[in-house]
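Novice:
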Amino acid sequence: MSKVVLEVEKLAKTFRKPFTGKKVDAVRGVSFQVRAGEIFGFLGPNGAGKTTTIKMLTGLIAPTSGKASLLGTPVPSPDAMGRVGFLPENPYVYPYLTPREFVSMCGRLNGVGGRGYFAKVEKVIARVGMSEAIDRSVQNLSKGMLQRVGLAAALIHEPELLILDEPMSGLDPVGRKEVRDLILDERDAGRTVFFSSHILSDVEMLCDRVCILKKGEVVVAGTMNELLGAGGRRAEVALRDVPAELKRALEKLGHVTKELGKALAVEVDGDDRVKEVLELALAQGAHIEHVTPKRETLEDIFVRRAL
C-alpha cells in the first residue's frame with residue numbers, strides 16, 4: 009500500500025452571503041485520500057465545491073470544520089506547500105514580467121537557485137511549450153499561454169505533489185495533449201498529481217482514481233477499474249424489420265429502445281438478457297443486424313450521479 013500524501017477528513021466550508029448573512033454550505037464533510045505516485049481526478053459540476061476544497065488544502069481559506077494534511081503535515085502548512093506545485097484555476101501572472109522572469113521569480117521564492125538555474129528555467133518553459141514566447145510581455149499572452157506559464161511556475165521547484173485546478177482550461181487540443189503527456193511524465197518520475205477537470209475524456213485517460221462531488225458532498229469515489237466495471241456487461245442489439253408488437257414487448261421487459269436509421273437499437277444489460285432479446289426477435293421475424301458490447305464511460309457515471 010502506497011503512503012498517503014494528501015488526506016482529507018470531513019472537510020467542510022460554510023460561507024455567509026454579504027448583506028443577508030445567509031449561510032451557504034459550499035463543502036459538506038468531504039473525505040478522501042491521495043496516495044503517492046498516483047494521478048487522482050477531482051470532479052464535479054460547476055458549484056460542486058472543487059475549487060473551495062482546493063483552496064482549503066492549499067491554505068488560501070480556512071475550513072469551517074474537518075481536517076486535512078499534505079505530505080503528512082496538517083493544513084495549513086507553509087513547509088508542506090514548499091514541496092507542492094500549485095496551479096490555480098485562474099493563475100495570476102504579473103503582467104509586466106516575461107514568462108522567463110515570472111517562472112524564475114517563482115523558483116527563487118521556493119528556494120531554487122545556484123549554478124545552472126537559468127538553464128533550468130528555460131528547460132521547464134520549453135516543457136510547457138512556451139519557448140517562443142519566453143521573453144514576451146505576459147500582458148500580451150492568450151489565456152491558454154498564461155495557463156502554460158502558470159504550469160511552468162508550478163513545476164520549477166520539482167515538487168513531490170502537484171495540485172492542478174483545471175490545468176487544461178483555455179488550451180487547444182494540441183495543448184491538452186501536451187499537458188496530458190506532461191502529467192504522465194510527472195507520475196513516471198515518481199510524483200503525485202491531484203487535479204480537477206471538466207474534460208472527462210482526459211480524466212478517464214489519465215487517472216488511477218477519481219472522486220466526484222455533488223453539492224459539496226462526495227457521491228462517487230474509487231479506482232477507474234472499479235467504477236467503469238461497476239455497471240456490468242452491456243450490449244447494443246440492432247434489429248431490422250421490427251414489428252410493432254416486438255418493440256412493445258421489448259419495452260415492457262424494461263429494455264431501452266431507440267431508432268437507429270432503419271434499425272431499432274436495444275440497450276441490453278447482461279449476457280442472459282441478450283439471449284432473451286435475440287430469441288424474442290427471431291421468433292417474431294426480425295432480422296439481427298449486429299450485437300455490440302458496450303462499457304460504461306466516466307461521462308455516463310458523471311451524468312447519472314453528479315447532475
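Note that the numbering used here has the sequence shown beginning at 9, numbered continuously upward. Each residue gets a CB set at the ideal place from its N, CA and C atoms; glycine is no exception.
1) Assuming contact is defined by CB atoms lying nearer than 9 Å, are Leu14 and Leu117 in contact in what I supplied?
2) Let's test the definition: count the other Cβ atoms within 10 Å of the Cβ of Phe27 and tell me whether it reaches 16, buried, or not, exposed.
3) Compare the Cα-Cα distances from Ile142 to each of Ile309, Leu290 and Val129 and report the closest residue.
4) Measuring CB atoms only, is the stretch 149 to 156 touching the stretch 64 to 74, in the sense that at least three cross pairs come out at less than 8 Å?
5) Less than 6 Å between C-beta atoms, sequence neighbours within five positions excluded: which residues of the same chain meet that for Ser112?
6) Quick check: the Cα distance between Ala229 and Ser39, rounded to an integer number of angstroms?
7) Nearest by alpha-carbon distance to Met138: which of Gly119, Arg123 and Leu159 is it?
8) Could you tell me the boundaries of the alpha helix (DSSP H) in which Ala160 lies?
9) By how many angstroms is the C-alpha of Gly29 removed from the C-alpha of Ala314?
10) Specify the secondary structure class of Leu268 as computed by DSSP and reduced to three states.
11) May I ask which residues mark the beginning and end of the beta strand (DSSP E) holding Cys219?
12) Taking the CB atoms as reference points, tell me whether Leu154 and Gly178 lie closer together than 9 Å.
13) Sorted by chain position, which residues of the same chain lie with C-beta nearer than 6 Å to Glu225's C-beta, five sequence neighbours on each side aside?
Specialist: In terms of the structure at hand:
1) No, these two residues do not count as a Cβ contact at 9 Å.
2) It is exposed - the Cβ of Phe27 has fewer than 16 other Cβ atoms within 10 Å.
3) It is Val129 whose Cα lies nearest to the Cα of Ile142.
4) The answer is no - the stretch 64 to 74 does not touch the stretch 149 to 156, with fewer than three Cβ pairs under 8 Å.
5) Hits under 6 Å: Val129.
6) Taking the straight line from one Cα to the other gives about 10 Å.
7) The shortest C-alpha separation from Met138 is found at Leu159.
8) Lys151 to Leu163 is the span of the alpha helix (DSSP H), which, as asked, contains Ala160.
9) Each residue's Cα considered, the two are about 28 Å apart.
10) DSSP places Leu268 within a strand segment (E or B) once states are collapsed to three.
11) Where Cys219 is concerned, the enclosing beta strand (DSSP E) starts and stops at Arg217 to Lys222.
12) The answer is yes: Cβ separation under 9 Å.
13) Contacts found: Arg36.
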